Structures are given as C-alpha cells and as structure tokens.
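Quick note: the sequence shown, position 47, residue 46 per numbering that gives the first Met the number 0, numbers continuous.
Glycine included, every Cβ here is placed at the ideal spot set by N, Cα and C.
Bear in mind that the values here come from a model prediction, so they are computed numbers and not experimental data.
Structure record follows, encoded as structure tokens.
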Amino acid sequence: MRTRTRLLASAVVAVLGVTGLASPAIANPSSQAPRETSLASFQGRTIDLSKSWEGAQVCAVLSRSEVRCYATNEEASADLAPPTTSTGASRGAAGPIGTLAWHGCDNNWLCIYEHQNFGGKKLQFSDEYWHDLDNWAFQDKTTSFVNNQGGDPWGCSGSDSGTLGDGAGNNFHMGDCTASSNIGSYNDRAEDIHG
Numbered sequence: 000m001r002t003r004t005r006l007l008a009s010a011v012v013a014v015l016g017v018t019g020l021a022s023p024a025i026a027n028p029s030s031q032a033p034r035e036t037s038l039a040s041f042q043g044r045t046i047d048l049s050k051s052w053e054g055a056q057v058c059a060v061l062s063r064s065e066v067r068c069y070a071t072n073e074e075a076s077a078d079l080a081p082p083t084t085s086t087g088a089s090r091g092a093a094g095p096i097g098t099l100a101w102h103g104c105d106n107n108w109l110c111i112y113e114h115q116n117f118g119g120k121k122l123q124f125s126d127e128y129w130h131d132l133d134n135w136a137f138q139d140k141t142t143s144f145v146n147n148q149g150g151d152p153w154g155c156s157g158s159d160s161g162t163l164g165d166g167a168g169n170n171f172h173m174g175d176c177t178a179s180s181n182i183g184s185y186n187d188r189a190e191d192i193h194g
C-alpha cells in the first residue's frame with residue numbers, strides 16, 4: 000500500500016511540475032496589451048517623440064499604434080474633425096468637435112499641457128487605458144490640464160474622469176469637464192495617465 004501511495008504522489012508531483020513549467024509557454028498573447036509607439040506622423044514624415052517633437056506643438060494619441068502631431072492647435076482640430084454630417088455639423092468620434100473646445104481642448108479629449116495656463120506643448124488622449132508619458136517625452140512635464148470628456152451640449156456625465164500617476168502610487172484625479180491652469184504640488188510629477 001505504501002508503494003502505491005508513493006507512486007501516486009510521485010505521479011501527481013510530476014504532473015504538477017510539468018504543468019507549472021508549461022504554463023508560461025501557453026500564455027495567451029492577446030491578453031497582453033501591445034506596447035505603445037513613440038512614433039508619430041508630423042508634416043508628412045515620421046518622428047520619434049521620445050527623442051524630439053521636431054517643432055510639433057500638439058500631439059494626439061489616437062490608439063496604441065497611431066499618434067498624429069501638428070504645428071498648431073487649429074491644424075489639429077481641423078484634421079481630427081471628421082467630415083460634416085448631413086446637417087452640416089462637424090462630428091467627432093463621440094460627439095461635436097470644435098465649437099465645444101475649452102482652452103484649446105476639443106470635445107471628448109483629455110489634454111495635458113507642458114506649462115501653466117494651458118501653454119506649451121499639448122498631448123491629448125481619448126481612450127480608457129494607462130499610458131506611459133515617457134513614450135512621448137512628456138514624463139514629469141505636466142503643469143495644466145483640461146478634461147473635456149464626458150460632456151456634450153447638455154452637460155457633463157460625471158463618468159469620464161482621468162488620472163495622472165506619479166509612479167509612486169500617488170494619483171491626481173481629473174474629473175470630466177474640469178480644468179486646472181496649474182496643478183500645484185503635482186506639477187511636473189506625472190509619469191503616466193489614464194484617459
């Protein structure tokens with residue numbers, strides 16, 4: 000009986016050991032988010048934002064693999080606004096754009112600025128996942144913000160906030176339809192952002 004128990008125990012240990020070794024190799028690649036690109040289109044060429052903005056003043060992160068940059072805020076708004084609808088209104092991905100801009104941040108975007116009073120370079124997001132600001136050489140450079148998400152012509156929904164993280168577990172909350180011309184003690188501390 001003891002030999003049988005030992006054999007059974009050995010078989011269980013062997014199966015668990017093989018399963019444990021095999022598990023990492025079977026990991027589902029689709030469950031791991033792809034790395035965001037630091038490459039962006041700007042004036043007909045590709046630039047690496049982690050090295051230099053090369054004269055760009057506004058960059059929009061459209062997805063993990065697409066970033067577009069512009070020399071001016073007006074240029075960005077014109078390019079990001081889709082064609083007009085049958086009623087003549089210009090519509091963004093989730094609503095009107097342009098006429099609802101606030102401190103240069105179009106409707107349905109979360110915008111962070113390099114300087115106080117919404118000045119300097121602007122980086123904008125419209126999605127819901129964490130971004131590493133170092134990808135775009137914006138780590139420890141955020142001084143002001145506008146969260147123009149969650150709003151529409153009828154007011155704010157209260158459901159599309161944003162968060163700046165400092166890499167040490169401290170977060171700065173940015174409620175939807177809010178802005179700050181200077182984020183005070185959190186100035187130049189943000190390492191990542193959740194749009």
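Exercise for review: Return yes when the Cβ of L109 is within less than 8 Å of the Cβ of G157, no when it is not.
Suggested key: Reading the sequence shown from its first residue, position 158 is the one you call residue 157. Reading the sequence shown from its first residue, position 110 is the one you call residue 109. Going by C-beta atoms, G157 is not nearer than 8 Å to L109.
Check your understanding: So, helix, strand or coil for S76, using DSSP?
Key -> Residue mapping note: residue 76 aligns to position 77 of the sequence shown, counting from 1. It is helical.
Practice item. Determine the burial state of H172: buried for a count of at least 16 other Cβ atoms within 10 Å of its Cβ, exposed for fewer. Key: The count along the sequence shown starts at 1 and reaches residue 172 at position 173. So H172 ends up on the exposed side.
**Study point:** Length of the line joining the Cα atoms of A39 and D47
**Key:** Position 40 of the sequence shown, counting from 1, holds the residue named residue 39. Position 48 of the sequence shown, counting from 1, holds the residue named residue 47. Each residue's Cα considered, the two are about 6 Å apart.
Point to revise | Environment of K121 [buried if 16+ CB atoms lie within 10 Å] | key: Taking the first residue of the sequence shown as position 1, residue 121 is located at position 122. Buried is the call here.
**Study point:** Which listed residue (S37, S62, Y69, S51) has its alpha carbon closest to that of G43
**Key:** In the sequence shown, counting from the first residue as 1, residue 43 sits at position 44. Selected option, being the one with the closest Cα: Y69.
Check your understanding: Apart from the five residues just before and just after D187, which ones in its own chain have a Cβ nearer than 8 Å to its Cβ?
Key -> Locating residue 187 in the sequence shown gives position 188, counting from the first residue. Correct list, in chain order: D139, K140, T141, T142.
Review point. Expressed to the nearest angstrom, what Euclidean distance is found between the alpha-carbon atoms of F137 and G149?
Key: Residue numbering aside, residue 137 sits at position 138 when the sequence shown is read from its first letter. Residue numbering aside, residue 149 sits at position 150 when the sequence shown is read from its first letter. So the alpha carbons of these two residues sit roughly 24 Å apart.
Exercise for review: For C104, write down the residues that DSSP places opposite it in a beta bridge.
Suggested key: Counted from its first residue, the sequence shown places residue 104 at position 105. Answer is W101.
Practice item. Please go through the same chain and pick out, in chain order, the residues whose beta-carbon is closer than 8 Å to the beta-carbon of G183, but skip the five residues on each side of it. Key: Along the sequence shown, one-based indexing puts residue 183 at 184. Hits under 8 Å: none found.
**Study point:** C-alpha gap between N72 and Q56, whole angstroms
**Key:** Counting from one through the sequence shown, the residue named residue 72 turns up at place 73. Counting from one through the sequence shown, the residue named residue 56 turns up at place 57. Answer to the nearest angstrom: the Cα atoms are 8 Å apart.
Check your understanding: Which class does L245 belong to by DSSP, given the choice of helix, strand or coil?
Key -> What is shown of the chain runs 0 to 194, which leaves residue 245 out entirely.
Check your understanding: Helix, strand or coil: which one does DSSP assign to N146?
Key -> Stepping through the sequence shown from its first residue, residue 146 is reached at position 147. In the structure shown, N146 sits in a strand (DSSP, three-state: E or B).
Point to revise | Residues sharing a beta bridge with W129, DSSP | key: Counted from its first residue, the sequence shown places residue 129 at position 130. W129 is bridged to H193.
Practice item. Would you list the residues sitting across from R67 in a DSSP beta bridge? Key: Here residue 67 refers to the residue found at position 68 of the sequence shown. In DSSP, R67 forms a bridge with S40, A59.
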